[in-house]
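**Q**
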Amino acid sequence: MIAAIDAAAGGPGEGRGYYVVSGSLYPVEARDYHLREDVAEAVFAAEGTSVGATS
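First residue of the sequence shown: 10, per our numbering; consecutive thereafter.
1. Mind checking whether Arg40 and Val30 have CB atoms under 7 Å apart?
2. Name the DSSP beta bridge partners of Tyr42, please?
3. Are Val52 and Tyr27 close, meaning C-beta to C-beta below 7 Å?
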């Protein structure tokens, strides 16, 4: 998913800001990536629903 977000944002590493890294930064294989909550809501929102809409 990280590669897809980066590609959609314009290239390698360009998706930073849509996801955050937590845990150890080194070694690279030990990194944990987490999609920001607002981005996850927008990506996984049911079709026809508006993100951030209030009732």
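No residue lacks a Cβ here, since even glycine has one placed at the ideal position from N, Cα and C.
**A** In short, the structure shows the following:
1. If you number the sequence shown from 1, residue 40 lands on position 31. If you number the sequence shown from 1, residue 30 lands on position 21. In contact: Arg40 and Val30 (Cβ atoms closer than 7 Å).
2. The count along the sequence shown starts at 1 and reaches residue 42 at position 33. Answer is Val30, bridged to Tyr42.
3. Here residue 52 is taken as the residue at index 43 of the sequence shown, counted from 1. Here residue 27 is taken as the residue at index 18 of the sequence shown, counted from 1. Not closer than 7 Å, so no.
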